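Trainee: Please read through the structure below; I'll follow up with questions.
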Amino acid sequence: MTERSKYSKNGVCRFENIAQLIANNDFPKIPIGEMTGFEWYASLRTHTVDDLNYIFPYWESDYRRFIPKFTIRFFSSYLSKNQSIKCQETCDVLLTPSESLIGGSLAVQTLMNEKYGFLDDGAISIEYGFCELSMQNSDGIWWFNFFDKIFECDQKQNMITVEDCGGGSYDCLLQFHSPLFKDTNISIRNQIVRKNGRSILELLQIAHGVKIEAPDDLLDTAYKLEFLNVVRHCEQQMIQEKYEEMLVFDCFCLAAEYNLNHYLTHLLRHVGPVRCLAAVLLKLDIEELSSEYMKQCTKYFFENA
7 MTERSKYSKN GVCRFENIAQ LIANNDFPKI PIGEMTGFEW YASLRTHTVD DLNYIFPYWE
67 SDYRRFIPKF TIRFFSSYLS KNQSIKCQET CDVLLTPSES LIGGSLAVQT LMNEKYGFLD
127 DGAISIEYGF CELSMQNSDG IWWFNFFDKI FECDQKQNMI TVEDCGGGSY DCLLQFHSPL
187 FKDTNISIRN QIVRKNGRSI LELLQIAHGV KIEAPDDLLD TAYKLEFLNV VRHCEQQMIQ
247 EKYEEMLVFD CFCLAAEYNL NHYLTHLLRH VGPVRCLAAV LLKLDIEELS SEYMKQCTKY
307 FFENA
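According to our numbering, the sequence shown holds residues 7 to 311 in order.
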């Protein structure tokens with residue numbers, strides 16, 4: 007496997023008659039396809055340092071000003087017929103709307119020296135690989151990119167793909183965040199993912215620290231799929247919501263159904279007289295309540311009787 011093939015977007019740009027292009031300081035723009043929702047191209051620029059001329063590749067979009075900040079893992083290399091020559095770089099880059107993606111510089115004198123093997127019938131070839139890591143939305147919140155393939159995932163077996171969400175291999179992420187996916191065979195895991203595709207993308211975003219407002223049905227999905235850190239995220243959002251006395255029974259039911267012990271503590275601070283709590287518990291199935299749930303309620307009765 008070549009280094010560039012480890013990246014979701016990769017390729018080789020070939021610039022013909024490079025000597026003439028440098029002399030004219032006029033380089034073509036080579037389309038490389040779509041990234042961050044817009045078409046991008048590759049080209050070259052020159053600059054001078056201490057009277058030495060250098061050339062470097064860059065990647066840009068004509069719509070760059072419309073693209074928000076994003077982070078990208080980036081690989082570029084000048085191809086050489088001399089296998090002992092390596093002129094490449096790999097780095098993670100944060101790009102703002104005013105910036106281009108820039109590769110490493112190569113001295114024109116070195117480029118033109120045949121012993122280094124960069125020239126191929128008067129042309130130079132530059133290979134590249136990109137993997138978009140995350141992007142900042144207009145609301146300022148960063149979202150991780152789970153649509154591109156994970157490095158070397160094409161070489162691994164039993165990978166899960168969320169087909170209706172634009173692609174992406176998620177198996178190792180799902181197994182890391184949820185015990186359910188560790189203990190379930192691949193065919194059943196695929197069924198679960200197909201059924202919950204859209205929700206799983208939101209689960210993964212939250213599991214990786216993205217502070218988004220969870221939809222109402224996400225708590226149920228997170229609990230069933232055993233994304234415990236997402237359950238805690240939903241619980242924290244519920245605690246921050248305004249307490250509605252009219253919904254007190256529904257709130258206590260949620261705390262019981264999803265084992266939201268912190269949320270239960272929050273509810274007990276607002277429930278009022280013990281008779282109100284007693285009225286709620288009379289409607290619940292006591293035998294189905296967890297020991298922690300019963301412990302907190304019993305403590306409340308003793309302290310407020």
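Note that the Cβ used here is the ideal one computed from N, Cα and C, for glycine as well.
Values in this document were obtained by computation on a predicted structure and should not be read as measured data.
Report whether the distance from the Cβ of residue 283 to the nearest heavy atom of the ligand SAH is below 6 Å.
Mentor: The ligand SAH is absent from the structure shown, which contains no ligand whatsoever.
Trainee: Please report the distance separating the alpha-carbon of residue 44 from that of residue 36.
Mentor: For the purposes of this step, residue 44 is taken as the residue at position 38 of the sequence shown. For the purposes of this step, residue 36 is taken as the residue at position 30 of the sequence shown. Looking at the two C-alpha atoms, the distance is approximately 15 Å.
Trainee: Are the CB atoms of residue 240 and residue 213 within a distance shorter than 7 Å?
Mentor: Counted from its first residue, the sequence shown places residue 213 at position 207. Counted from its first residue, the sequence shown places residue 240 at position 234. No, Cβ-Cβ distance for residue 213 and residue 240 is not below 7 Å.
Trainee: Around the C-beta of residue 6, are 16 or more other C-beta atoms found within 10 angstroms, so that it is buried, or is it exposed?
Mentor: No answer is possible for residue 6: the residues shown for the chain start at 7 and end at 311.
Trainee: Which same chain residues, not among the five before or five after residue 184, have their C-beta less than 7 Å away from its C-beta?
Mentor: Residue numbering aside, residue 184 sits at position 178 when the sequence shown is read from its first letter. Within the same chain, residue 184 has close Cβ partners 231, 232, 233.
Trainee: Roughly how many whole angstroms lie between the Cα atoms of residue 182 and residue 114?
Mentor: Along the sequence shown, read from residue 1 onward, the residue named residue 182 stands at position 176. Along the sequence shown, read from residue 1 onward, the residue named residue 114 stands at position 108. Using only the alpha carbons, I get a separation of about 48 Å.
Trainee: Which residue marks the beginning of the alpha helix (DSSP H) containing residue 115, and which one marks its end?
Mentor: Residue 115 sits at position 109 when you count from the first residue of the sequence shown. Note, residue 115: alpha helix (DSSP H), 114-118.
Trainee: Using the rule of at least 16 other Cβ atoms within 10 Å of the residue's Cβ for burial, across every protein chain shown, is residue 82 buried or exposed?
Mentor: Reading the sequence shown from its first residue, position 76 is the one you call residue 82. Burial call: buried.
Trainee: Using the C-alpha atoms, what's the distance from residue 9 back to residue 25?
Mentor: Within the sequence shown, residue 25 is the residue found at index 19, counting from 1. Within the sequence shown, residue 9 is the residue found at index 3, counting from 1. The alpha-carbon atoms of residue 25 and residue 9 are separated by roughly 28 Å.
Trainee: What do you get for residue 257, buried or exposed, if any count of 16 or more other CB atoms within 10 angstroms of its CB means buried?
Mentor: Within the sequence shown, numbered from 1, the residue matching residue 257 stands at position 251. Residue 257 should be labelled buried.
Trainee: Assuming residue 272 and residue 292 form a contact by the criterion Cβ under 8 Å, report the distance between their Cβ atoms to the nearest whole angstrom.
Mentor: As a first step, residue 272 must be located in the sequence shown, where it is residue number 266. As a first step, residue 292 must be located in the sequence shown, where it is residue number 286. Residue 272 to residue 292, Cβ: 21 Å. No contact.
Trainee: Looking only at its own chain, which residues have a Cβ that is under 6 Å from the Cβ of residue 163, when we skip the five neighbours before and after it?
Mentor: In the sequence shown, residue 163 corresponds to position 157, counting from 1. Any reading at residue 163 must be qualified, since the residue scores a pLDDT of 44, below 50, and its modelled position is unreliable; the value itself is stated next. Cβ within range, chain order: n/a, list empty.
Trainee: I'd like to know whether the C-beta of residue 113 is nearer than 7 Å to at least one C-beta of chain B.
Mentor: Of the chains in the structure shown, none is chain B; there is only one protein chain.
Trainee: Check for me: the alpha helix (DSSP H) holding residue 283 runs from which residue to which?
Mentor: Here residue 283 corresponds to residue number 277 of the sequence shown, with the count starting at 1. Element bounds for residue 283: 280-289.
Trainee: Would you call residue 215 buried or exposed, if buried means 16 or more other Cβ atoms sit within 10 Å of its Cβ?
Mentor: In the sequence shown, counting from the first residue as 1, residue 215 sits at position 209. It counts as exposed.
Trainee: Work out the CA separation of residue 88 and residue 69 for me, nearest whole Å.
Mentor: Mapped onto the sequence shown, residue 69 falls at position 63. Mapped onto the sequence shown, residue 88 falls at position 82. For residue 69 and residue 88, the distance between alpha carbons rounds to 38 Å.
Trainee: Rounded to whole angstroms, what's the CA-CA distance from residue 2 to residue 227? Just pull it up for me.
Mentor: Within the shown structure, residues of the chain are numbered from 7 to 311, placing residue 2 beyond reach of any answer.
Trainee: Have a look at residue 210 and residue 136 and give me their C-alpha separation to the nearest angstrom.
Mentor: Start at 1 with the first residue of the sequence shown, and residue 210 comes out as number 204. Start at 1 with the first residue of the sequence shown, and residue 136 comes out as number 130. Spanning the two alpha carbons is a distance of roughly 22 Å.
Trainee: If you run the structure through DSSP and keep just helix, strand and coil, what is residue 212?
Mentor: Residue mapping note: residue 212 aligns to position 206 of the sequence shown, counting from 1. Helix at residue 212.
Trainee: Measure the alpha-carbon distance for residue 32 versus residue 64 and round it to whole angstroms.
Mentor: Sequence index remark: in the sequence shown, residue 32 carries index 26 (1-based). Sequence index remark: in the sequence shown, residue 64 carries index 58 (1-based). The straight-line gap from Cα to Cα measures roughly 14 Å.
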